[in-house]
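Data block below; observations after.
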Amino acid sequence: MGFEKFGRKSFTAITKTAKFVDLLTEGKIEGTVCKDCGAKFFPPRADCAKCFSKNMDWFEMPKKGKLETFTTAYYAPLGFEADPPYTMGVVDFGSGLKLFARVAKEIKPEEVKVGMDVSTRPLKYDDGQLSFEVIKA
Ligand SMILES: [Zn+2]
Numbered sequence: 117m118g119f120e121k122f123g124r125k126s127f128t129a130i131t132k133t134a135k136f137v138d139l140l141t142e143g144k145i146e147g148t149v150c151k152d153c154g155a156k157f158f159p160p161r162a163d164c165a166k167c168f169s170k171n172m173d174w175f176e177m178p179k180k181g182k183l184e185t186f187t188t189a190y191y192a193p194l195g196f197e198a199d200p201p202y203t204m205g206v207v208d209f210g211s212g213l214k215l216f217a218r219v220a221k222e223i224k225p226e227e228v229k230v231g232m233d234v235s236t237r238p239l240k241y242d243d244g245q246l247s248f249e250v251i252k253a
């Protein structure tokens with residue numbers, strides 16, 4: 117599967133980390149880890165930004181994190197007009213590992229709090245596009 121299946125609107129069809137989308141279809145949200153220095157990246161990187169190695173592997177993101185910050189959008193850019201309101205947040209898993217995603221619609225904006233325990237799950241939109249979202253832990 118190509119990377120064009122990722123995200124609400126995808127502008128990139130080819131990337132060295134396209135396996136990310138295949139993993140999403142298997143229900144896995146994975147980042148990459150450098151086999152040489154151990155640095156972990158999310159979104160996944162094809163090459164290590166710390167030691168510049170190309171010797172990378174995949175790892176499954178942790179299941180539990182804390183919501184570091186969030187914002188709710190009441191207006192959306194072209195292509196996303198039907199989506200607002202929606203909340204986006206940054207999940208901190210510790211050790212510098214973070215993830216940015218939309219917060220699941222089932223969590224009302226007024227329920228979202230900085231520091232709350234959260235998890236993530238893969239998401240498939242009605243049009244077949246794939247992504248991932250923040251859910252309650
Ligand atoms: Zn490295």
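Residues in the sequence shown are numbered consecutively from 117, following the numbering used here.
Glycine included, C-beta positions come from ideal geometry on N, C-alpha and C.
Candidates the options: closest to residue i by CA position
{"i": "G181", "options": "F196, T188 and F209", "result": "F209"}
{"i": "T141", "options": "D242, P238 and L213", "result": "P238"}
{"i": "E227", "options": "D243, V250 and K151", "result": "V250"}
Own chain residues within Cβ distance below 7 Å of residue i, not counting five before or after
{"i": "T185", "result": "G205, V206 and V230"}
Local conformation of residue i per DSSP, three classes
{"i": "L213", "result": "coil"}
{"i": "L239", "result": "strand"}
{"i": "F119", "result": "helix"}
{"i": "D208", "result": "strand"}
{"i": "V137", "result": "helix"}
6 Å Cβ shell around residue i - same chain, five flanking residues per side excluded
{"i": "L215", "result": "F158 and V207"}
{"i": "E176", "result": "K144 and E146"}
Burial state of residue i, where buried means 16 or more other Cβ atoms lie within 10 Å
{"i": "P200", "result": "exposed"}
{"i": "C150", "result": "buried"}
{"i": "C167", "result": "exposed"}
{"i": "C164", "result": "buried"}
Cβ neighbours of residue i in the same chain (closer than 8 Å, five flanking residues each side left out)
{"i": "Y202", "result": "T188, A189, A192, R218, V219 and K221"}
{"i": "S126", "result": "F119, E120 and Q245"}
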